[in-house]
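Colleague: So the sequence shown is numbered by my numbering: it starts at 71 and just counts up by one.
All residues carry an ideal CB built from backbone N, CA and C; glycine is no exception.
Encoded as structure tokens, here's the structure I'll be asking about.
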Amino acid sequence: MKKLFIKTYGCQMNVYDSDRMADALAPSGYEATTDIDEADLVVLNTCHIREKAAEKVYSELGRLRIMRQKKEQKGGEMMIGIAGCVAQAEGEEIVRRAPVVDLVFGPQSYHRLPDLVEQAQTKKVVETDFPAEDKFEHLPKPKKETTIARGLTSFLTVQEGCDKFCSFCVVPYTRGAEVSRPVHQIITEAQDLVDAGVKEITLLGQNVNAYHGLDANGETQGLAQLLYKLADIDGLDRLRYTTSHPRDMDDALINAHRDLDMLMPYLHLPVQAGSDSILKSMNRQHTVEDYMRLLERIREARPDIALSGDFIVGFPGETDEDFEGTLKLVRDVEYAQAYSFKYSTRPGTPGATMDNQVPEEVKSERLQRLQELLNHQQTEFNKSRIGTTMPVLFEKTGRDPGQIVGRSPYLQPVQVEADPSHIGTIRDVFIDSVGKFSLFGKIVINS
Ligand code: SAH
Ligand code: SF4
Ligand code: F3S
71 MKKLFIKTYG
81 CQMNVYDSDR
91 MADALAPSGY
101 EATTDIDEAD
111 LVVLNTCHIR
121 EKAAEKVYSE
131 LGRLRIMRQK
141 KEQKGGEMMI
151 GIAGCVAQAE
161 GEEIVRRAPV
171 VDLVFGPQSY
181 HRLPDLVEQA
191 QTKKVVETDF
201 PAEDKFEHLP
211 KPKKETTIAR
221 GLTSFLTVQE
231 GCDKFCSFCV
241 VPYTRGAEVS
251 RPVHQIITEA
261 QDLVDAGVKE
271 ITLLGQNVNA
281 YHGLDANGET
291 QGLAQLLYKL
301 ADIDGLDRLR
311 YTTSHPRDMD
321 DALINAHRDL
331 DMLMPYLHLP
341 VQAGSDSILK
351 SMNRQHTVED
361 YMRLLERIRE
371 ARPDIALSGD
381 FIVGFPGETD
391 EDFEGTLKLV
401 RDVEYAQAYS
411 FKYSTRPGTP
421 GATMDNQVPE
431 EVKSERLQRL
441 QELLNHQQTE
451 FNKSRIGTTM
461 PVLFEKTGRD
471 PGQIVGRSPY
481 LQPVQVEADP
491 SHIGTIRDVF
501 IDSVGKFSLF
511 GKIVINS
């Protein structure tokens with residue numbers, strides 16, 4: 071058995087992809103390891119979204135170079151591959167800048183990995199084309215044991231790429247145009263996950279709610295229809311999806327939140343900024359009011375829905391007043407959770423050449439203020455659960471002996487002292503206290 075070590079950066083789609091790479095290489099005799107020292111093949115599955123994310127790859131390659139030298143001195147070998155969005159964006163440049171790399175391959179080539187690794191035994195390989203064939207049709211299925219060893223919750227990519235071209239973002243360049251997988255392929259994959267013991271599936275896409283896949287009759291189905299179909303799978307308890315764009319939240323999807331109990335009441339719906347002029351120059355194609363009205367409709371359909379978002383501070387031209395608009399929007403919405411970032415200039419995107427770039431210290435100061443507010447909201451949201459009872463899907467044992475950990479419908483980690491036999495089941499938990507990251511409680515015994 072050869073050993074494969076994959077390090078994953080970036081979004082959940084990369085997490086999903088890393089498992090697919092492991093699946094693709096399993097028939098060639100590669101077994102996943104968490105110990106990099108014993109790896110015959112190391113793959114960095116990279117992210118290009120912000121400058122820091124991309125730079126991490128090169129600093130990791132510096133470390134890998136030394137590790138490989140040591141291994142070679144002892145007569146060992148270590149092949150190094152770069153996958154993901156930096157691979158797609160920089161291609162040949164990576165091999166030039168870091169000659170230690172043997173193999174560079176983009177997200178659309180993962181099914182060809184055995185062949186690419188074979189070629190890389192004798193020469194440098196760079197493969198960043200978008201092949202005509204559907205990679206999903208060619209990726210081998212994992213064994214049931216492999217699937218369940220990865221956990222009781224699973225990601226499932228249903229859509230890749232993005233046609234939105236927000237002016238700050240590299241994704242449309244690294245992941246290409248929007249493509250949706252056909253309905254039957256997704257249902258089959260979901261059924262296989264459930265057969266292996268998976269209880270919760272999170273559908274993934276760079277713009278997951280732009281999903282428009284073909285069904286068996288050649289008709290286009292949206293994300294809502296897909297969710298209704300998945301909800302029929304016996305043994306599947308929970309559904310989630312991420313990441314959505316406000317412009318693609320149609321009525322059918324909002325109604326699915328009303329109709330489907332197993333669709334969890336938690337929605338990641340990034341708005342990025344709370345100023346119409348900034349939203350316009352970001353090319354988000356909606357206003358603050360559009361977003362607020364949309365949230366009203368979603369909350370009408372599912373009153374207990376918890377919201378999450380992404381924010382960028384310091385986009386070119388952002389004034390103090392624009393930033394105050396972002397703070398106001400956050401105060402008005404009351405997020406349960408959110409991610410916020412300083413604008414990072416990405417070469418090749420329209421934002422990179424805009425006038426009025428915001429100085430670094432202004433970005434830092436704004437980020438700090440925004441994060442204070444968002445952290446406060448998250449704490450308040452968590453505290454609001456104290457004294458309530460929530461269904462928790464228990465996933466694994468906790469850090470302390472005797473503890474087990476699961477997730478609430480709102481994706482909060484919940485720790486209780488209980489027998490591990492509860493793992494894999496959903497139990498009502500009475501929440502009695504809140505820590506920094508988790509909630510604590512007791513399983514309610516229903517008599
Ligand atoms: N498709 C998703 C976002 C994918 S990228 C959407 O449209 O919402 C994840 C997040 O990274 C974005 O929501 C944005 O907040 C952040 N991001 C993207 N490009 C960035 C940049 N150049 N600088 C800082 N943050 C960025
Ligand atoms: Fe990037 Fe915008 Fe596409 Fe999201 S919608 S991936 S932020 S271009
Ligand atoms: Fe990063 Fe690519 Fe995801 S740039 S955020 S890994 S789509």
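1) Is there contact between the stretch 335 to 349 and the stretch 312 to 327, where contact requires at least three CB pairs shorter than 8 Å?
2) Report the partner residues of P461 according to the DSSP bridge assignment.
3) For K122, which three-state DSSP category applies?
4) Run through the DSSP bridge pairs and tell me what V249 is partnered with.
5) Would you check if the distance between the CB atom of Q82 and the CB atom of L274 is smaller than 8 Å?
6) Of the choices S491, R436, Y405 and K433, whose alpha-carbon is the least far from that of N524?
7) Would you identify the three-state DSSP class for T423, choosing helix, strand or coil?
8) Taking contact to mean 3 or more Cβ pairs, one atom from each stretch, closer than 8 Å, check whether the stretch 408 to 423 and the stretch 358 to 369 are in contact.
9) Could you tell me which residues DSSP pairs with A376 in its beta bridges?
10) Is any non-hydrogen atom of the ligand SAH found closer than 7 Å to the C-beta of I375, if you look at the structure I gave you?
11) Threshold first: 4 residues or longer. Then list the alpha helix (DSSP H) segments lying entirely within the stretch 140 to 184, N to C.
12) Please indicate yes or no: does the CB of P242 lie closer than 7 Å to some heavy atom of the ligand SF4?
13) Apart from the five residues on each side of it in sequence, which residues of its chain come closer than 8 Å, Cβ to Cβ, to L296?
14) To the nearest angstrom, report how far apart A326 and P201 are at their CA atoms.
15) Along the chain, where does the beta strand (DSSP E) containing G395 start, and where does it finish?
16) Kindly indicate the opening and closing residues of the alpha helix (DSSP H) around N84.
17) Could you tell me the distance, in whole angstroms, from the CA atom of R436 to the CA atom of V403?
18) With distance defined between alpha-carbon atoms, name the residue in C236, L509, C232 and Y361 nearest to V249.
19) Measuring only the C-alpha atoms, how far is G132 from R477?
20) In whole angstroms, what is the alpha-carbon distance linking T467 and G421?
21) Taking all protein chains shown into account, do 16 or more other C-beta atoms lie within 10 angstroms of the C-beta of Y128, making it buried, or fewer, making it exposed?
22) Please report the Cβ distance between E388 and V428, rounded to the nearest whole angstrom; I am assuming they are in contact, meaning their Cβ atoms lie under 8 Å.
23) Run the proximity test for H118: is its beta-carbon closer than 7 Å to any non-hydrogen atom belonging to the ligand HEM?
24) By the 10 Å Cβ neighbour count, where 16 or more other Cβ atoms means buried, how is H181 classified, buried or exposed?
25) State yes or no: is the C-beta of F500 within less than 8 Å of the C-beta of P483?
26) In the structure shown, what three-state DSSP assignment does I451 receive?
27) Comparing the CB of Q276 with every heavy atom of the ligand SF4, is any distance shorter than 7 Å?
28) Could you name the residues of the same chain whose beta carbon sits closer than 8 Å to that of A286, not counting the 5 residues immediately before and after it, in chain order?
29) Pop quiz: K73 and E101 are said to be a contact at Cβ under 8 Å. What is the actual Cβ separation, rounded to whole angstroms?
30) For the alpha helix (DSSP H) that Y243 lies in, which residues bound it at each end?
31) Buried or exposed: H118, going by 16 or more other Cβ atoms within 10 Å of its Cβ?
32) Can you give me the C-alpha to C-alpha distance between R455 and L509, rounded to a whole angstrom?
33) Might you give, ordered along the chain, the residues of its own chain that have their beta carbon closer than 7 Å to the beta carbon of N426, omitting 5 neighbours on each side?
34) What residue range is occupied by the uninterrupted alpha helix (DSSP H) comprising K214?
35) In terms of DSSP beta bridges, what is E197 paired with?
Modeller: Checking against the coordinates, here is how it stands:
1) With a cut-off of 8 Å, the stretch 312 to 327 and the stretch 335 to 349 count as touching, because enough Cβ pairs lie within range.
2) P461 is bridged by DSSP to D498.
3) Helix, per DSSP.
4) Answer is E230, bridged to V249.
5) Yes, they are a contact pair.
6) Absent from the model: residue 524. The displayed extent of the chain is 71 to 517, so no value can be given.
7) The DSSP-derived three-state label of T423 is helix.
8) Cβ pair count under 8 Å is below three, so no.
9) Beta-bridge pairing links A376 to Y336.
10) The answer is no for I375.
11) The qualifying runs are 154 to 160 and 162 to 167.
12) Within 7 Å of the C-beta of P242 there is at least one heavy atom belonging to the ligand SF4.
13) Excluding residues within five positions, the ones whose Cβ falls inside 8 Å are V228, V253, I256, L273, Y281 and G283.
14) Distance between the alpha carbons of A326 and P201 is about 35 Å.
15) Membership of G395 in any beta strand (DSSP E) is not indicated; the residue belongs instead to the alpha helix (DSSP H) covering D390 to V403.
16) Run containing N84: Q82 to L95, per the alpha helix (DSSP H) assignment.
17) Linking R436 to V403 through their CA atoms gives a straight-line distance of about 19 Å.
18) For the residues C236, L509, C232 and Y361, the minimum Cα distance to V249 belongs to C232.
19) For G132 and R477, the gap between their C-alpha atoms comes out near 37 Å.
20) Spanning the alpha carbons of T467 and G421 requires a straight line of approximately 45 Å.
21) Under this definition Y128 is an exposed residue.
22) In this structure E388 is in contact with V428, their Cβ atoms being roughly 6 Å apart against a cut-off of 8 Å.
23) You won't find the ligand HEM in this model; what it holds is the ligand SAH, the ligand SF4 and the ligand F3S.
24) By the Cβ-count criterion, H181 is buried, with 16 or more other Cβ atoms from all chains shown falling within 10 Å of its own Cβ.
25) For F500 and P483, no; Cβs fall outside 8 Å.
26) It should be pointed out that residue 451 corresponds to Phe in this sequence rather than to Ile. Helix at F451.
27) At least one heavy atom of the ligand SF4 is nearer than 7 Å to the Cβ of Q276, so yes.
28) Excluding sequence neighbours, A286 sits near V253 and H254.
29) The C-beta separation of K73 from E101 comes to about 6 Å, placing the pair in contact by the 8 Å criterion.
30) Run containing Y243: V241 to T244, per the alpha helix (DSSP H) assignment.
31) Counting of Cβ neighbours within 10 angstroms places H118 among the buried residues, the total reaching 16 or more.
32) If I take the Cα positions, the gap works out to 8 Å.
33) Residues P386 and G387 of the same chain have their beta carbon placed closer than 7 Å to that of N426, with the five preceding and five following residues left out of the count.
34) Where K214 is concerned, the enclosing alpha helix (DSSP H) stretches over K214 to A219.
35) F175.
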